[in-house]
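For any residue, its number in this note's numbering is found by taking its place in the sequence shown, counting from 1, and adding 77. Heads up, the beta-carbon is just placed ideally off N, CA and C, and yes, glycines get one too. Fair warning: this is a prediction, and the values are worked out from it, not measured in the lab. Down below is the structure, laid out as structure tokens.
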Amino acid sequence: MLEIANLTVRYGAFLAVDRLTMNVGAGEIVGVVGPNGAGKSSIVKSVGGLVKPTAGSITLDGRNLLSVPVHERIELGLSIVPEGRGLFPRMSVEENLIIAGDPLRDRVRSARNIERCFELFPILKERRWQAAGTLSGGQQQMVAVSMGLMSDPRLLVLDEPSLGLAPIVIGEIGAALRKLGESGLTVALFEQNAKLTCNVADRIYILASGCVQHHDRAADLMTNPEILDHLM
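Pasting the structure below:
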């Protein structure tokens, strides 16, 4: 589904991503793990159209994304959940979801998707009329993930969804991602949290300094002592 080939991203003289190649197949959950500065967010922003790569290609179902305007990528089935959540803090949970579902231009589908999000995160249904900015950090992240689902994506890309969250909330986010994978949704998860990624992903890429250092099935990585030490 998503193919990235020889991606290079520079910010002036700084090389953030160095000839990176990776792919995400339809129906897979693929994890990309690395520390701060490894290039994860630069890859996400390149896929979403917020950063123009220096070189390389990004295709979605064979279509060159680099030639597609940012707003049109949603219509192709791409949804990005950015680091930092990007909520409208003074609006209610439900209002945030309605805004995120606006590209559908279909109230029936939007209402259906809201209920789907409430099934995934029941606490949000209880807080549906509460201002998003007054929620706990974990609940705000649940809203952010739900907003990413409101456009009925075929590929959901998440950038650091566990950042700053308590372990119990990280577990809830992981359980939700597994449910989404079981439903057939394709997910690309960019994370520092190796434990979360290994628990939900089918395959994992390990990044360092903008390059892929290792790539394997999650189950195999978890039985490799050398890689396990590197991850944990």
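Beta bridge counterpart(s) of residue i as assigned by DSSP
i           : result
residue 141 : 136
residue 293 : 281
residue 275 : Per DSSP, none; premise fails for residue 275.
residue 82  : 134
residue 101 : 79
Opening and closing residue of the beta strand (DSSP E) in which residue i lies
i           : result
residue 109 : 106-110
residue 268 : 263-268
residue 257 : Run containing residue 257: none in the beta strand (DSSP E); it sits in the alpha helix (DSSP H), 244-259.
residue 128 : Neither: residue 128 is in no beta strand (DSSP E) and is coded neither H nor E.
residue 228 : Element bounds for residue 228: n/a, residue is neither H nor E.
Start-to-end residues for the alpha helix (DSSP H) that takes in residue i
i           : result
residue 234 : No alpha helix (DSSP H) contains residue 234, which is instead part of the beta strand (DSSP E) from 232-236.
residue 174 : 170-177
residue 162 : Segment: none, residue 162 is in no alpha helix (DSSP H) and carries neither H nor E.
residue 150 : 147-152
Which of helix, strand or coil DSSP assigns to residue i
i           : result
residue 87  : strand
residue 195 : helix
residue 92  : strand
residue 300 : coil
residue 219 : helix
residue 187 : helix
residue 155 : strand
residue 240 : coil
residue 208 : strand
Buried/exposed call for residue i, threshold 16 Cβ in 10 Å
i           : result
residue 90  : exposed
residue 253 : buried
residue 242 : buried
residue 280 : buried
residue 105 : buried
residue 236 : buried
residue 141 : exposed
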